Amino acid sequence: DGIDLDCVQGAVIEDSLFDVGDDALCVKSGINFFGRQYGQPSRDIVFRNLTIGAGHGISIGSETSGDVYNVTFENLRMGGTDRGPRIKSERGRGGVVDGIVYRNIVAKDVATALSLTLAYQHGLPPTNVTATPRLRNVLLQNVTFENVTSAGEFIGLPESPIVNVTLRDVRYIGHGAPPPFGKCEYVSGRCEGGTTLC
2 DGIDLDCVQG
12 AVIEDSLFDV
22 GDDALCVKSG
32 INFFGRQYGQ
42 PSRDIVFRNL
52 TIGAGHGISI
62 GSETSGDVYN
72 VTFENLRMGG
82 TDRGPRIKSE
92 RGRGGVVDGI
102 VYRNIVAKDV
112 ATALSLTLAY
122 QHGLPPTNVT
132 ATPRLRNVLL
142 QNVTFENVTS
152 AGEFIGLPES
162 PIVNVTLRDV
172 RYIGHGAPPP
182 FGKCEYVSGR
192 CEGGTTLC
C-alpha cells in the first residue's frame, strides 16, 4: 500500500504522487474482534490534490471494525489503476462506514470504475450483529471515468444493505458502447445531475 491510516483522526494527505502495487490510499480501523474491542474509529480525514498511478486505487477497508466516519477524497487524478473509489468490508469485520465523499476526480484507463462491497471475501456465513459491517451515506460528485472496463459494482448483504449511495454528475466517457455494471445487489441510492450511467 502507498499509505494506510488505521485508527487515525484529523488527518490531511495532499500534494503527492502514489504509484504502488496495492492500495494507493487506504483508511482502516482495526481488524475483527480486536478492532471492535479497541474501538478507535478513523474519522475526519481529507485526501486532496493527489495523483494516483498503478495500484488498486483509493480504498476504505477491508479492516473497518472500529468504524470509519467523514472521509473525503477530492481533486484527484488517477491513471492505470485497478479500481477507482473503493470501499470494502466483509462478514466478521463489523464496524460502520458512514459519510464518505469522492469529489472532483478524473480516472482514466481503470479496470473497475468504482467498487462498494460488503462481501470482500465471498462465501462467508452470516454472523452476529456486532461482526456485520454496515455502509451508508456515500457521495460521488463530479467524477469522470474515461476508458474503463467495468462501470462498477455495488454488493451489500441481505442482512446489511448498503444505504444512500448518491452518484451526482458522474460521467462515463470512452470509445464504443458504455461500460457494463457488475453486480448490483442489496443497495439503495440515486443518480442526480449529469450522471450518464445509473
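Numbering (the numbering used here), first residue to last: 2 to 199.
Don't be surprised by glycine CBs; every beta carbon is placed ideally from N, CA and C.
Since the structure is predicted, the reported quantities are computational estimates derived from the model, not experimental observations.
Closest in C-alpha terms to P179, from the list I14, G153, V188, comes G153.
Within the segment 81-153, the complete beta strand (DSSP E) segments of 3 residues or longer fall at 86-89, 97-109, 116-118, 135-147, listed in chain order. Secondary structure of G62 (DSSP, three-state): strand. Boundaries of the alpha helix (DSSP H) harbouring G36: 33-39, taken from the DSSP string.
Classified as buried, V28 has 16 or more neighbouring CB atoms from the shown chains inside 10 Å of its CB.
Segment contact: the segment 141-157 against the segment 104-123, three or more CB-CB distances shorter than 8 Å; contact assigned. Contact between L119 and P86 is absent: CB atoms are separated by about 15 Å, not below the 8 Å threshold.
Of the candidates C192, I59, Q38, I59 places its Cα closest to the Cα of I88. For T52, the enclosing beta strand (DSSP E) stretches over residues 43-53. Scanning the segment 149-197 for uninterrupted beta strand (DSSP E) segments of 3 residues or longer gives 153-156, 163-174, 182-186, 188-193, listed from N- to C-terminal end.
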